[in-house]
Amino acid sequence: MIQFYPELSQRIEEMAEGDKDFREELTKAILDGLVELKSKYAEGLIKKDQVIIQQVRHKLKPTLAMFDMFLLSDALQQGKEILEREGFSSKFNTHFRDFEVKVNSAIEEVTKLVS
Numbered sequence: 001m002i003q004f005y006p007e008l009s010q011r012i013e014e015m016a017e018g019d020k021d022f023r024e025e026l027t028k029a030i031l032d033g034l035v036e037l038k039s040k041y042a043e044g045l046i047k048k049d050q051v052i053i054q055q056v057r058h059k060l061k062p063t064l065a066m067f068d069m070f071l072l073s074d075a076l077q078q079g080k081e082i083l084e085r086e087g088f089s090s091k092f093n094t095h096f097r098d099f100e101v102k103v104n105s106a107i108e109e110v111t112k113l114v115s
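By the UniProt record's numbering, the letter at position 83 of the sequence shown is numbered 83, and the numbering carries on one by one without gaps.
#1: Are the CB atoms of Ala-75 and Lys-102 within a distance shorter than 8 Å?
#2: Got a sec? Which residues, its chain only, sit under 8 Å from Glu-109 by beta carbon, not counting five neighbours each side?
#3: Quick test of your reading: residue 165 and Leu-113, contact by CB under 8 Å. State the CB separation rounded to the nearest angstrom.
#4: Looking at His-58: is its Cβ nearer than 8 Å to the Cβ of Gln-78?
#5: Could you tell me how far apart the beta carbons of Ile-53 and Gly-44 are, in whole angstroms, since I believe they sit closer than 8 Å?
#6: Can you check whether the CB of Lys-61 is closer than 8 Å to the CB of Ile-107?
#7: By alpha-carbon positions, which one of Glu-100, Ala-16, Asp-32 ends up nearest to Leu-71?
#8: When we look at the beta-carbon of Val-51 and count the other beta-carbons within 10 Å, is it buried (16 or more) or exposed?
#9: Throw me the rounded Cβ distance for the Lys-40 and Phe-88 pair, which I believe falls under 8 Å.
#10: What would DSSP say about Met-15, mapped onto helix, strand or coil?
#11: Return the CA-CA distance between Leu-26 and Ala-16, expressed in angstroms with no decimal places.
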């Protein structure tokens with residue numbers, strides 16, 4: 001498997017400053033946020049509700065930036081631009097499939113760090 005976020009473990013370690021419990025809590029919080037992002041993004045698409053997508057994007061944007069998750073951040077920005085220009089078009093559906101690949105990869109990578 002290709003790692004999309006090879007520096008993630010190091011970034012978490014830097015934030016935790018050697019505190020094992022905090023590292024575990026932080027990693028779990030990142031995982032929970034990514035799972036919520038995936039769920040709410042899909043919900044927004046199903047309901048054709050831009051507000052749901054906007055809220056979860058704003059909620060997770062700082063986390064993604066703090067942990068250098070640029071591929072996912074870029075995907076969210078692309079989705080925002082598509083929604084602003086075209087709404088829930090076929091282009092957004094294509095974007096969503098790309099987003100799913102990226103968020104699933106991030107979830108998989110963070111899951112490996114939890115244990």
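Virtual Cβ for every residue (Gly too), placed ideally from N, Cα, C.
In this text, all values refer to a predicted model and were calculated from it rather than measured experimentally.
On the basis of the data shown:
#1: yes
#2: Gln-3, Phe-4, Tyr-5, Leu-8
#3: The structure shown does not extend to residue 165, since the chain spans only 1 to 115, so no value can be given for it.
#4: no
#5: 4 Å
#6: no
#7: Glu-100
#8: exposed
#9: With a Cβ gap of about 15 Å, Lys-40 and Phe-88 do not count as contacting.
#10: helix
#11: 8 Å
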